[in-house]
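The structure under discussion appears below in the form of structure tokens.
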Amino acid sequence: MRYLCSVFLIAFFVSACAAPAPTPPTPAAQTEIVATTPTTQAPNRLITKSPDSPTSQPSLTFDGKYAYDEYLLSQMNFGARPAGSQALRATGDYIVAELEKNNWQVETQEFEYRGVPIRNVIAKVGVGQGPPIILGAHYDTRARADQDKQNPDAPVPGANDGASGVAVLLELARTLDKAKLKNEVWLAFFDAEDVGGLSACDLRVVKQQKPTALCDTNEWSWSIGAQRVAEKLQTKPEAVIVVDMIGDADQNIYYERNSDKELQATLWQIAEQLGYRQWFIPEFKWSMSDDHTPFLQKGIRAVDLIDFDYPSWHTTQDTADKVSAASLERIGRVLEEWVEGE
254 MRYLCSVFLI AFFVSACAAP APTPPTPAAQ TEIVATTPTT QAPNRLITKS
304 PDSPTSQPSL TFDGKYAYDE YLLSQMNFGA RPAGSQALRA TGDYIVAELE
354 KNNWQVETQE FEYRGVPIRN VIAKVGVGQG PPIILGAHYD TRARADQDKQ
404 NPDAPVPGAN DGASGVAVLL ELARTLDKAK LKNEVWLAFF DAEDVGGLSA
454 CDLRVVKQQK PTALCDTNEW SWSIGAQRVA EKLQTKPEAV IVVDMIGDAD
504 QNIYYERNSD KELQATLWQI AEQLGYRQWF IPEFKWSMSD DHTPFLQKGI
554 RAVDLIDFDY PSWHTTQDTA DKVSAASLER IGRVLEEWVE GE
């Protein structure tokens with residue numbers, strides 16, 4: 254997750270955004286409290302099929318512990334996973350295998366950006382059932398811990414900023430009740446999100462392949478993979494929800510200012526119904542440029558679920574012990590209810 258736009262931007266797509274300060278920015282002096290009721294009544298997403306229905310199958314429910322043990326820790330076992338690295342390639346292969354195991358139709362988008370190989374992974378189910386809804390997360394990690402005062406040139410482990418969102422999507426791939434889905438659903442795993450402000454020289458794979466003097470030293474933008482997905486869309490999605498940095502044990506999910514307000518209100522209403530109001534705080538705090546931004550710029554409803562109150566952001570301390578299974582579960586349950594009821 255990335256750089257912060259001024260909260261005084263007239264619109265989210267104005268390009269007057271700045272890279273983060275050496276420490277994560279502080280919230281505005283006054284937070285804005287907003288009611289969670291959407292402008293139109295949200296459908297009841299807590300209704301389940303009758304167990305007497307002959308077509309009913311035993312339903313799985315999102316399991317935060319399973320997401321942590323099976324999916325988050327498996328990613329961490331690959332080590333740091335910057336764009337273009339062999340570790341990220343192996344992580345992508347792992348993601349594809351897990352999705353196929355759970356009977357999702359898997360596609361990849363492979364391309365080069367300034368000489369570095371990039372690969373998005375997109376899983377689909379219910380193809381042709383109407384405009385898709387997209388749940389997205391980036392699976393790369395930052396090549397340099399530029400917020401780490403002790404080790405700024407070391408790679409970021411990326412437990413929360415990287416692995417947490419992927420763990421949520423993979424657990425949803427396992428537990429979503431496909432019989433309840435009314436829309437085509439995509440799970441999008443974006444490459445090259447966490448590369449903003451870096452260059453090809455910062456990516457370890459490039460340093461190993463050729464002398465630093467021959468590297469492309471031009472700074473990259475953020476969300477390269479998400480930009481490509483947005484550019485290649487053939488059908489306008491009904492909605493996009495990005496999950497980023499949502500695993501912090503001290504979880505606080507605020508409204509992100511650039512996100513679609515009605516969709517935000519719907520998600521926060523579901524969270525309240527599930528008893529999660531303590532963690533889903535109905536106040537605006539951060540303005541983010543993240544993987545939801547390319548979709549917003551195309552007029553697509555999009556929301557960034559992000560907890561930017563995370564001291565280990567872009568440091569070597571972004572490790573698995575900072576992530577909580579309970580935090581993963583809260584995010585997963587909200588998305589599960591929304592997707593199955595959408």
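Numbering (this note's numbering), first residue to last: 254 to 595.
For every residue, glycine included, the Cβ atom is placed at its ideal position computed from N, Cα and C.
- Message: Taking 6 Å as the limit between beta carbons, can you name the residues of its chain near Y529, skipping five residues before and five after?
- Response: R583
- For R586 versus L527, is the C-beta distance shorter than 8 Å? yes
- Task: Give a yes or no on whether the minimum CB-CB distance between L326 and chain B is below 8 Å.
- Result: Looking for chain B here will not work: only one protein chain is present.
- Among all the DSSP beta bridges, which residues are the ones paired with G389? A441 and V495
- Report yes or no: do three or more beta-carbon pairs, one from the segment 404-411 and one from the segment 563-570, lie closer than 8 Å? yes
- Query: Taking the beta strand (DSSP E) that P370 falls in, what are its first and last residues?
  - Reply: V369 to V378
- Query: Bridge partners of L558, per DSSP?
  - Reply: V496
- Helix, strand or coil for D501 per DSSP? strand
- Can you grab the Cα-Cα spacing for the pair F331 / V448, in whole Å? 19 Å
- For I506, the residue or residues it bridges with in DSSP: F533
- Task: Reducing DSSP to helix, strand and coil, say where T361 ends up.
- Result: strand
- Residue span of the alpha helix (DSSP H) that contains M329, given as start and end: L326 to M329
- Check whether N511 and M541 have beta carbons under 8 Å apart: yes
- Can we count I584 as close to the ligand SAH, meaning its CB is less than 7 Å from some heavy atom? Questions concerning the ligand SAH fall outside what the structure shown contains, since it holds no ligand whatsoever.
- Query: So what does DSSP say about G317, is it helix, strand or coil?
  - Reply: helix
- Task: Determine, using beta-carbon pairs with one atom in the segment 356-365 and one in the segment 531-538, whether at least three such pairs fall under 8 Å.
- Result: no
- Query: If you check the beta carbons only, do V419 and Y324 fall under 8 Å apart?
  - Reply: yes
- Message: Counting C-beta neighbours from all protein chains within 10 Å, is the total for P307 16 or more, i.e. buried, or is it exposed?
- Response: Residue placement at P307 is poorly supported in this model, since its pLDDT is 32, which falls under 50; the coordinates are not used for a value here.
- Task: Rank L423, W475, V378 and A396 by C-alpha distance to the C-alpha of K435 and give the top, closest one.
- Result: V378
- Hey, A483 and K402: beta-carbon distance below 8 Å or not? no
- Task: Report the partner residues of Y366 according to the DSSP bridge assignment.
- Result: V369
- Mind reading off the beta-carbon distance from G478 to A445? Whole number of angstroms is fine, and I expect it under 8 Å. 5 Å
- Skipping 5 residues on each side, what residues in its chain have a beta carbon closer than 6 Å to that of F561? W539
- Just checking my contact of G345 with P370 at CB under 8 Å: how many whole Å lie between their CB atoms? With 8 Å as the limit, G345 and P370 do not qualify as a contact, their Cβ atoms being about 10 Å apart.
- Task: Starting from S580, follow the alpha helix (DSSP H) in both directions and report where the run begins and ends.
- Result: A578 to G594
- Task: Give the straight-line distance between the Cα atoms of A398 and L451, rounded to the nearest whole angstrom.
- Result: 11 Å
- Task: Measure the Cβ-Cβ separation of E424 and Y319 and say whether it is below 8 Å.
- Result: yes
- Message: On the CB-based measure, 16 or more other CB atoms within 10 Å of its CB, does E593 come out buried or exposed?
- Response: buried
- Query: Are I348 and A492 closer than 8 Å when you measure CB to CB?
  - Reply: no
- Message: Between which residues of its own chain and F442 is the CB-CB distance below 6 Å, once the five residues before and five after are set aside?
- Response: I348, V374 and Y392
- Go ahead and pull the three-state DSSP assignment for W521. helix
- Task: Drop a sphere of 10 angstroms on the beta-carbon of G317, count the other beta-carbons inside from all chains shown, and report buried for 16 or more, exposed for fewer.
- Result: buried
- Message: Spatial neighbours of A295 within its chain, please: C-beta separation below 7 Å, excluding the five flanking residues on both sides.
- Response: Note that A295 has pLDDT 38, beneath the 50 cutoff, so the model's placement of it is unreliable and the number below is only indicative. T519 and Q522, listed in sequence order.
- Message: On the DSSP letters alone, give me the boundaries of the alpha helix (DSSP H) that Q403 sits inside.
- Response: Taken as a continuous stretch (DSSP letters only), Q403 belongs to no alpha helix (DSSP H), as it is neither H nor E.
- Query: Which residues share a DSSP beta bridge with W539?
  - Reply: E509
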